[in-house]
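Numbering-wise, the sequence shown is residues 1 to 455 according to our numbering. Where a beta carbon is used, it is the ideal one built from N, C-alpha and C, also for glycine.
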Amino acid sequence: MPPVMNPPSRVGKKHWGEVLMTASNKNQASVTLTDNQTGKAVELPVLSGTVGPDVVDIRTLYAHTGKFTFDPGYGATGSCLSGLTYIDGDKGVLLHRGYPIEQLAAQSDFLELAFVLLYGELPNTEEKAGFVNAITRHTMVHEQLSIFLRGFRRDAHPMAILCGVTGALSAFYHDSTDINDPKQRIIASHRLIAKMPTLAAMAYKYSLGQPFNYPRNDLNYAENFLHMCFSVPAEDYVIDPVIADAMDKIFILHADHEQNASTSTVRLAGSSGANPFACIAAGIASLWGPAHGGANEAVLNMLAEIGDRSRVQEYVNKARDKNDPFRLFGFGHRVYKNYDPRAQVLRKSCHEVLDKLGVSDPLLELAMELEEIALKDSYFVEKQLYPNVDFYSGIILKAMGFPTSMFTVLFAVARTVGWISQWKEMVEDPTQRIGRPRQLYTGPAQRDFVPLDKR
Ligand code: SDX
């Protein structure tokens, strides 16, 4: 192992609190900023969407005032125009092209939702059949990819494999990487939606040391994924309709979610003109974090660590403790300050799926106890922390036979539809420009270089 060089202790480490305190003590920026040229108050347009908060258009602010806005984490910043998904965090509302998630989960299916997100409307019978056929005909992957995938260690995390292999797709499907060609954009979108389950299943089989299963065109999207994950050559795999239905519903609930961290990553990568395969690989990397899509795996690990209902309060207390970095995974959300509507659907599905499968998982009881205590706890009430999509999904996935290491992979399979729809919307937006945020600089002012012999 080469020697590790620790940074010299004299390297200044400014405490961010100092920076923000200095800024806020210096002067409070009033809403009426003065225009450098006219000396008058700056007029900024306010834009309104179909529903939801208006936005202040600050694109000319720097030109008029020489000032940036400051919003690390983008909690109060609209990054784009989008018509795909609308979230009302206070009311716990989630719409895809205007359709409530509860209705889509109850009445639609995943590929139909993919059509809605990609093209904006519910497909008619002919359109739906054509789209399903197009996706079905792209589910196989280049045979060399199975050799590529065998380069990983058997114990590689499936998300590491998925991230790596997805990025490599541009090396295999170079004929659909020209983002300016509408035909290539559609083929790339279909390839990604169709091949992600195949790659996810390959990553899972590889971790088991079992042979890969080829997709089957006689199965629907969810059934095909279960077949590729759970079939073995030694015996026929009988698809349980309860599990297939739950799988499709879980895909629906994870399909898209406005400008979350991984979707914003895909958009930022795509804004430079990068090919869609590279952009989706970037989205997978971002989703993996435990604060984002990695939370579903973290919830199951957390419940296993809590272990018993008698220890739930101890962990709620840890989550309240400012000096304890522990957070209750599956709780809280940047946007939802109410119950995540997806968590509501998943909570109900949890009971249905486990009852139908005849599975009684003590972790579900534990989760229900944890939810009950947390929702009554003053800290969680005051900070408006509710269960999010990740709180219950893992319990269903575990009951369906998936290991926790596959939970975020399944999230990525579903979110590929949202990512590629958002990418398509961005590429087709005539006003889109390369994303290039600015900063509040806190480093040293200009200073002269000091030769080595004078330091
Ligand atoms: C997803 O954005 C999306 O749409 C994401 C997603 C999607 O579909 O794409 O919905 C999927 O990522 C769901 C979230 C999954 N993550 C988790 O379950 C991890 C646990 N939750 C958190 O880490 C947190 O709630 C976030 C990351 C989800 C949200 O973080 P924010 O908006 O930055 O909120 P914050 O960290 O500023 O928290 C506000 C306060 C803080 O206390 P104070 O500093 O104000 O005193 O609430 C506290 C936090 O300490 N807090 C928690 C908590 N979540 C927030 N305290 C304990 N347990 C928690 N889970």
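Item: Near the ligand SDX: L44 beta-carbon under 6 angstroms from a heavy atom; Value: no
Item: Unbroken stretches of the alpha helix (DSSP H), 4 residues or longer, contained in the stretch 304-377; Value: 312-320, 341-357, 362-376
Item: Outcome for K322 when other beta-carbon atoms lying within 10 angstroms are tallied against a minimum of 16; Value: exposed
Item: DSSP state of A291 mapped onto helix, strand, coil; Value: coil
Item: Three-state secondary structure (DSSP) of T166; Value: helix
Item: Helix, strand or coil at Y99 according to DSSP, with G and I counted as helix; Value: strand
Item: Distance between N6 and V450 (C-alpha atoms, nearest Å); Value: 22 angstroms
Item: Of the residues A105, Y379, S146, K183, the one placed nearest F212, counting alpha carbons only; Value: S146
Item: Whole-angstrom C-beta distance between I395 and L370, which should lie under 8 angstroms; Value: The pair is not a contact, with the Cβ atoms about 12 angstroms apart (cut-off 8 angstroms).
Item: Residues near F205 by beta carbon distance below 6 angstroms, same chain, minus five either side; Value: Before going further, note that residue 205 is Lys rather than Phe in the sequence given. Closer than 6 angstroms at Cβ, skipping near neighbours: F212.
Item: Span of the alpha helix (DSSP H), counted from its first residue to its last, around I87; Value: No alpha helix (DSSP H) holds I87; the beta strand (DSSP E) holding it covers 85-88.
Item: C-alpha distance - V474 paired with T139, whole-angstrom precision; Value: Beyond the ends of the chain as shown, which are 1 and 455, falls residue 474; an answer cannot be given.
Item: Separation of P197 from N338, as counted between CA atoms; Value: 32 angstroms
Item: Residue of T263, S310, A168, H157 minimising C-alpha distance to E297; Value: H157
Item: Neighbourhood of Y237 by C-beta distance below 7 angstroms, restricted to the same chain and skipping five residues each side; Value: H227, F230, S231
Item: CB contact flag (A282, A295, <7 angstroms); Value: no
Item: Beta-carbon spacing of A538, V359 below 7 angstroms; Value: Residue 538 is absent from the structure shown; the chain starts at 1 and stops at 455.
Item: Per-residue burial, I250 [other beta carbons within 10 Å of its own, 16 or more giving buried]; Value: buried
Item: Per-residue burial, A222 [other beta carbons within 10 Å of its own, 16 or more giving buried]; Value: buried
Item: Beta-bridge pairing of P387 - partner residues as DSSP gives them; Value: F331
Item: Validate contact between the stretch 325-337 and the stretch 423-439 using beta carbons, cut 8 angstroms, 3 pairs; Value: no
Item: E223 in three-state terms, based on DSSP; Value: helix
Item: Contact check, L192 vs I280, beta carbons under 7 angstroms; Value: yes
Item: Beta-bridge partners of A41, as assigned by DSSP; Value: T34
Item: Near the ligand SDX: H292 beta-carbon under 6 angstroms from a heavy atom; Value: yes
Item: Closest residue to Q259 among T34, A445, C80, L346 (Cα-Cα distance); Value: C80
Item: Per DSSP, cross-strand counterpart(s) of V46; Value: V56
Item: Sufficient close CB pairs (3 or more, under 8 angstroms) joining the stretch 336-351 to the stretch 92-106; Value: yes
Item: Local Cβ density within 10 Å of Q59, reported as buried at 16 or more and exposed below that; Value: Residue 59 is actually Arg in this sequence, not Gln. The residue in question, R59, is exposed, as its Cβ has fewer than 16 Cβ neighbours within 10 Å.
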